[in-house]
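Engineer: Sharing a structure with you now.
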Amino acid sequence: MKIIFNTFLYLAFITFAFSQSNTRVKMGMVNGTSSLTDYTLEIEERGFSAKIHVDRLKSTVRNLKFEFESDDYYNDYFQTLGSIVSASASGIRIEIKEGREGILIDVGKFSISLNNWDVHIDNNGPRNMPVFSWKLDLQNTEITPSTDMTRDLGREEWQIFNYLSGGSGAITIKKILGNLSMTQNGKISAKGSILLPVGKIGVNLLATINQDLKSEPYINSLKLDLLNLNPEVKAWLNDIMIEENISFRKKGTGFMINLSGLISSPRFH
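Shown next, in the form of structure tokens:
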């Protein structure tokens, strides 16, 4: 698996970095798995640095096909389709610094999968509607920005950060679960939930998009459930409703938000 994967990366790099006329790359894979332990990646460039460490990483690939062709600089196309590409990891630590500002991200467990996808794109855009199904599971994540980063936050940004962090200086995300899919007729559906120490957010989305993917998606319905909120966050949302003249429906110890329309001009229900 590692040999095939490295070959794929090499061919992809050669194709996209040095592509000239009459270039074609095809690759296929039926099944493959790989695993790594104590993986570390470090990047440094001038005032920027990043370090990523993963205790354990596992990936799976099934029925993968990849093709790229370039007849000239104005006639290229890219196509990929497959059944499963998935990855799971545990014990992830990401440190990013730029100048005096930085951020530290610790993730307990992470898994992601892309299923049953078909993407075909040329110079004019997608040749057909991209099709895919995507799942995400993120657990026990802590995000700690540096003092220099939070010092530059505006009043509203600082208020949001302070509520989410509970005054601890770090945002804790207990769990994120989500799935997203797109069908051949441009229908998008998504469900997910975010569990924070200050409450829970539930998301249910139905939307549509044109095949060219250039127009703004239309939201048929978006439902947000803000549940089990602590008193401080609930009071803060009440203030927002008064200031912005927005009405949220009350639901238990939280709120329910329903909207539709364009992202740039949503309608609240």
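Residue numbers (the numbering used here): 97 to 365.
No residue lacks a Cβ here, since even glycine has one placed at the ideal position from N, Cα and C.
(1) Could you work out which residue in V150, K154, G195 is closest to G143 when comparing CA atoms only?
(2) What are the start and end residues of each continuous beta strand (DSSP E) run of 3 or more residues lying completely inside the stretch 155 to 238, in chain order?
(3) Using the Cα positions of T136 and D335, report the straight-line distance between them to the nearest angstrom.
(4) Which complete beta strand (DSSP E) runs does the stretch 260 to 289 hold, if anything under 3 residues is left out?
(5) Where does the unbroken alpha helix (DSSP H) through T243 begin, and where does it stop?
(6) Does the distance from the C-beta atom of I239 to that of I297 stay below 7 Å?
(7) Expressed to the nearest angstrom, what Euclidean distance is found between the alpha-carbon atoms of M245 and M278?
(8) Does I353 come out as helix, strand or coil in the three-state DSSP assignment?
(9) Nearest to G265 by alpha carbon, out of F257, R120, Q235?
(10) Tell me whether Y312 sits in a helix, a strand or coil according to DSSP, three-state version.
(11) Distance check for K270 and P241, CA to CA, integer angstroms please.
(12) So, S317 versus L302, is the Cβ gap smaller than 7 Å?
(13) Do you know how far the Cα of I338 is from the Cα of R345?
(14) Between V299 and T119, what straight-line distance do the alpha-carbon atoms span, to the nearest angstrom?
(15) Confirm, please, whether the CB-CB distance from S166 to D172 is below 7 Å.
(16) Taking all protein chains shown into account, decide if F376 is buried (16 or more other Cβ within 10 angstroms of its Cβ) or exposed.
Structural biologist: According to the structure data:
(1) Ranked by Cα distance from G143, the first of V150, K154, G195 is G195.
(2) Here the runs fully enclosed are 171 to 194, 197 to 218.
(3) The alpha-carbon atoms of T136 and D335 are separated by roughly 45 Å.
(4) 267 to 278, all fully within the stretch 260 to 289.
(5) Per DSSP, the continuous alpha helix (DSSP H) segment holding T243 begins and ends at 243 to 247.
(6) In this structure, I239 lies away from I297, with their beta-carbon atoms at least 7 Å apart.
(7) When rounded, the distance between both Cα atoms is 37 Å.
(8) I353: strand per DSSP, three-state reduction.
(9) With distances taken between Cα atoms, G265 lies closest to F257.
(10) One point to set straight first is that residue 312 is Glu, not Tyr, in the sequence displayed. Here E312 sits in coil by DSSP.
(11) Near 18 Å, if we compare the C-alpha coordinates of K270 and P241.
(12) Contact: yes.
(13) When rounded, the distance between both Cα atoms is 13 Å.
(14) Computed Cα separation, rounded: 44 Å.
(15) With contacts defined by Cβ atoms closer than 7 Å, D172 and S166 form a contacting pair.
(16) There is no way to answer for residue 376, as the model of the chain reaches only from 97 to 365.
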